[in-house]
Amino acid sequence: MAINIRGNADSKNGSNNSYTICGRGIVTRAQLVKETINGQHPNHHVVTNKSGKKAIRANPDKTKNNNIDK
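The opening residue of the sequence shown carries number 1096 in the numbering used here; numbering runs sequentially from there.
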């Protein structure tokens, strides 16, 4: 279970193709989406953009420190 997940902004347009999880390292978008859907990251959820690509977002709260794209 990850509390802090950071997007790497590693695609041509700056979106996240991979994420960094503190203490674990780099994880692909597909792997993190699968883990989040399975409930392994309860502070995060999956969103689908207009083109159908799935991504991870932090659940809303009053803190900005735990946002994926700070």
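Just so you know, even glycine gets a beta-carbon here, dropped at the ideal spot from N, CA and C.
- Taking all protein chains shown into account, valine 1128 has 16 or more neighbouring C-beta atoms within 10 Å of its C-beta and is therefore buried.
- Around the Cβ of valine 1122, a 10 Å sphere holds 16 or more other Cβ atoms; the residue is buried.
- Asparagine 1111 and alanine 1153 have their C-alpha atoms spaced approximately 14 Å apart.
- Taken atom to atom, the span from the alpha-carbon of isoleucine 1132 to that of lysine 1149 is near 11 Å.
- Arginine 1152: member of the beta strand (DSSP E) spanning 1149–1153, first to last residue.
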